[in-house]
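Presented below is the structure to which this report refers.
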Amino acid sequence: MSGRALQTLIALVLAGLWGAGLGFAHWRGNMWSLDRVEATMTDLRTLVRGTAKPPELITIVAIDDEAVRNDGRYPLSRATLARIVDTIARFGPKAIAVDLLLVDPGKKGDDEALARSLRGTSSVIAAAAVYSGGKQSIAAEGDGPLARVPNAKRFLWPLKAFSDIAAVGVVNVVTDWTGTPRFVPLLFRAGDRTEASFSLRVAAMAVGEDPGIAPDYLSLGGQRIRTDIGHILPLTFYGPRGTIRTISATTVLGGQVDGGIIRDRIVVIGATATGTGDVFPTPFDPVLPGVEVMSTAIAHLMTGDGIVRDQYVRLADAGFAVVLPVVLVGLLAWRRNAIGLAAIVGVVVIWFVVNMTAFSHHIWLSAALPMAAAVPPAILFGAAQLWLGRNQAQYFATQSELLQRVQAPGFARWLAKHGDFLLEPVRRDATIIFIDLSGFTGLSETLGPNATRELLNTFHALVDEEVTSCGGVVTNFMGDGAMILFGLPEAATDDAFNAARCCAALSSRTNNWLVSLPASTASRLGFKIGAHYGTIVASRLGGKGRQHIATTGDTVNVASRLMEIAADQNAEVAVSDKMLQVAGRDCELFKSGALRGPVEAQVRGRSGSLAIWLWQSSQTL
1 MSGRALQTLI ALVLAGLWGA GLGFAHWRGN MWSLDRVEAT MTDLRTLVRG
51 TAKPPELITI VAIDDEAVRN DGRYPLSRAT LARIVDTIAR FGPKAIAVDL
101 LLVDPGKKGD DEALARSLRG TSSVIAAAAV YSGGKQSIAA EGDGPLARVP
151 NAKRFLWPLK AFSDIAAVGV VNVVTDWTGT PRFVPLLFRA GDRTEASFSL
201 RVAAMAVGED PGIAPDYLSL GGQRIRTDIG HILPLTFYGP RGTIRTISAT
251 TVLGGQVDGG IIRDRIVVIG ATATGTGDVF PTPFDPVLPG VEVMSTAIAH
301 LMTGDGIVRD QYVRLADAGF AVVLPVVLVG LLAWRRNAIG LAAIVGVVVI
351 WFVVNMTAFS HHIWLSAALP MAAAVPPAIL FGAAQLWLGR NQAQYFATQS
401 ELLQRVQAPG FARWLAKHGD FLLEPVRRDA TIIFIDLSGF TGLSETLGPN
451 ATRELLNTFH ALVDEEVTSC GGVVTNFMGD GAMILFGLPE AATDDAFNAA
501 RCCAALSSRT NNWLVSLPAS TASRLGFKIG AHYGTIVASR LGGKGRQHIA
551 TTGDTVNVAS RLMEIAADQN AEVAVSDKML QVAGRDCELF KSGALRGPVE
601 AQVRGRSGSL AIWLWQSSQT L
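The opening position of the sequence shown corresponds to residue 1 in UniProt numbering, with each subsequent residue numbered one higher.
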């Protein structure tokens with residue numbers, strides 16, 4: 001297995017383990033740290049889903065500003081509340097739910113009147129759970145079926161005169177950090193005492209049977225109500241205040257109410273007046289009355305239209321927490337380019353669509369958990385890949401720099417972009433130049449290896465600088481000489497022109513270099529240059545392990561032999577007539593120094609003669 005494959009495998013395993021750990025904690029209900037993100041994402045999904053039509057089985061009788069003004073006080077007098085209950089009862093509702101805490105005694109006659117009204121109806125009144133420190137606790141205590149049921153310090157119970165004749169339910173809700181109600185606990189504990197919630201009492205009275213309590217659900221009225229850990233019911237709101245049908249208590253007291261909206265309905269009496277304090281923020285409304293929150297919970301219990309998050313939904317969340325980070329890390333390892341990025345975006349979009357579709361169908365899949373599971377591994381792996389990629393880029397840059405020091409820079413850059421360069425031999429016209437030092441072999445015997453190396457290094461550097469500045473490439477350094485090519489990797493119309501300029505520049509630069517050497521060294525050295533234009537064959541030679549670029553053909557041989565003619569004729573440069581013709585009369589060899597010819601010369605190893613020109617720089621004339 002390659003190093004990169006092993007790194008990817010380790011990253012995938014770690015991402016999966018990270019997601020599995022978070023998923024298990026979420027399944028157990030221990031990921032409260034993600035509540036803020038989840039609350040925000042839930043509000044966004046609720047707004048995207050939009051408002052929904054509430055069921056027709058609930059009517060709210062609101063103790064609003066007008067009712068308070070008419071009664072002259074808040075809370076309303078018990079006598080006024082009794083009249084409201086009596087008026088509603090005449091229309092035959094399924095149940096009357098009073099979302100008011102009747103904990104303090106009122107006038108004796110008023111309390112007796114309300115007690116009589118409640119006795120004659122199917123009614124539920126409110127109690128409240130009081131918690132230590134004012135904070136509701138649902139931490140697990142033990143392993144029993146009620147281990148996660150909210151545990152209160154005590155219950156704030158209605159007056160005995162009322163609780164003896166009406167059912168009582170606890171009205172507390174579970175809110176998030178913004179105060180938005182997210183859950184309604186269906187059961188509460190205080191010591192050894194367990195009580196049902198207000199909404200569960202009302203729903204049970206409306207269907208005429210007690211609820212069946214199982215570890216993960218409640219059964220009521222022939223339907224199964226799936227609950228979250230601790231028998232809490234998730235809330236999803238239908239819309240802003242007034243979305244659930246609401247009438248004023250003043251309308252009821254005035255006898256103007258339509259009996260059709262009360263008969264066989266659940267009627268919830270609660271306060272909506274300004275300043276009563278019983279309001280909550282929701283995604284649709286910053287001040288939704290508490291009576292509408294209770295009515296929403298009752299509607300969910302009666303119709304099962306709430307959102308579902310139980311152990312199976314949490315298990316699906318855990319699955320996403322494992323799969324999503326593994327997939328994202330895998331895609332990061334697969335492609336670190338636009339295709340890989342598009343694939344990652346596609347996966348995230350698919351997950352979002354699945355999540356939103358499930359939410360629209362009343363399944364509350366977590367949005368925060370997969371994000372918490374996927375983002376850290378993806379960022380860490382991406383950062384690690386960037387770091388490794390940077391190191392690898394630095395390594396390749398170093399290797400490229402080393403390659404360009406060994407191979408001709410033009411060839412090295414071209415090969416980096418065109419991997420198939422010269423896989424097949426190429427025939428083309430080009431200019432070949434040879435330069436060689438005279439007397440170097442004998443001199444090296446007396447200089448010693450270090451001095452010889454330094455001398456050659458300086459000579460090679462000046463040759464490379466002049467050739468590169470003229471647009472050519474040094475294809476090979478051969479001891480004290482070099483082979484230079486104009487026409488590869490790409491041919492240009494001015495190759496011969498530039499080659500002529502290179503001959504003059506090399507001659508001038510080499511003369512200056514020789515003058516700079518000690519007299520004992522310079523007196524024993526000279527140089528010669530040969531140049532020819534014609535057809536060459538360029539190709540790669542060697543095996544799979546190592547290859548080099550070779551240039552062959554008669555043009556190469558002639559250029560090499562022209563150095564001998566230059567030496568024999570006491571000239572610095574010998575160039576073929578063909579090369580000068582292609583270079584043109586404006587080339588450097590015609591403009592500077594002394595050019596003589598053409599003369600016919602016999603080239604060793606070649607039949608017939610060749611017209612050549614001899615050139616001498618002005619420095620040695």
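The C-beta atom is built at its ideal place from N, Cα and C for all residues, glycine as well.
Any C-beta of chain B under 8 Å from that of residue i
i   : result
A20 : Among the protein chains of the structure shown there is no chain B, as only one such chain exists.
Residues near residue i in its chain [Cβ-Cβ closer than 8 Å; skip 5 each side]
i    : result
P105 : D111 and L159
G340 : L331, L332 and W334
T227 : L186, D216, Y217, L218, L233 and D310
A491 : R428, D429 and A430
Residue i versus residue j - alpha carbon distance
i    : j    : result
T276 : S248 : 16 Å
P376 : L332 : 13 Å
S366 : V323 : 14 Å
A358 : W364 : 7 Å
A25  : F381 : 23 Å
I165 : T59  : 23 Å
Q619 : S508 : 7 Å
A67  : P286 : 23 Å
G479 : L455 : 11 Å
D210 : V202 : 11 Å
G241 : S132 : Before going on, a small fix: residue 241 reads as Arg here, not Gly. Computed Cα separation, rounded: 32 Å.
L156 : A127 : 6 Å
Y312 : F91  : 43 Å
V207 : P283 : 31 Å
D494 : A522 : 35 Å
V515 : G439 : 15 Å
A95  : V85  : 11 Å
C502 : F459 : 15 Å
T250 : P289 : 18 Å
R193 : I261 : 37 Å
R585 : N450 : 44 Å
A316 : P55  : 29 Å
A343 : A11  : 18 Å
V168 : V124 : 5 Å
S163 : L118 : 10 Å
Coil, strand or helix - residue i by DSSP
i    : result
V279 : strand
S520 : helix
A204 : helix
Q602 : strand
D436 : strand
H231 : coil
W157 : coil
L218 : strand
G255 : coil
D164 : coil
I96  : strand
L118 : helix
I244 : coil
F237 : coil
K528 : strand
L403 : Note that L403 scores 47 on pLDDT, short of 50, meaning its location in the model is unreliable and no value can be drawn from it.
N557 : helix
T175 : strand
N- and C-terminal bounds of the alpha helix (DSSP H) containing residue i
i    : result
Q311 : Q311 to W334
P449 : P449 to C470
W351 : A338 to S360
M31  : Unbroken run through M31: none, as it is neither H nor E.
G290 : G290 to T303
L589 : E588 to K591
Proximal residues to residue i (C-beta, below 7 Å), its chain only, five neighbours per side dropped
i    : result
R405 : Confidence in R405 is poor, its pLDDT being 48 and thus under 50, which makes the residue's placement unreliable; the coordinate value appears in the next sentence. Closer than 7 Å at Cβ, skipping near neighbours: no residue.
I612 : L562, I565, A574, V575, S576, D577, G597, P598, V599 and A601
D436 : D480, G481, F527, K528 and M563
Neighbourhood of residue i by C-beta, 6 Å cutoff - its chain only, sequence neighbours within 5 removed
i    : result
R189 : V149 and N151
R78  : G106, D110, D111 and L114
G19  : A321, V322, P325 and A373
I536 : A430, T551, G553 and T555
The ligand NAD heavy atom lying under 7 Å from the CB of residue i
i    : result
V573 : This structure lacks the ligand NAD; in fact it carries no ligand of any kind.
Terminal residues of the beta strand (DSSP E) in which residue i lies
i    : result
M478 : V473 to M478
I84  : No beta strand (DSSP E) contains I84, which is instead part of the alpha helix (DSSP H) from R78 to A89.
R69  : Note, R69: premise wrong, no beta strand (DSSP E); alpha helix (DSSP H) at D65 to D71.
Would you call the stretch 521–532 and the stretch 564–577 touching, i.e. three or more CB-CB distances under 8 Å? yes
Pair every Cβ in the stretch 256–271 with every Cβ in the stretch 59–71, then say whether three or more of these pairs are closer than 8 Å. yes
If you pair each beta-carbon of the stretch 299–310 with each one of the stretch 21–36, do three or more pairs fall below 8 Å? no
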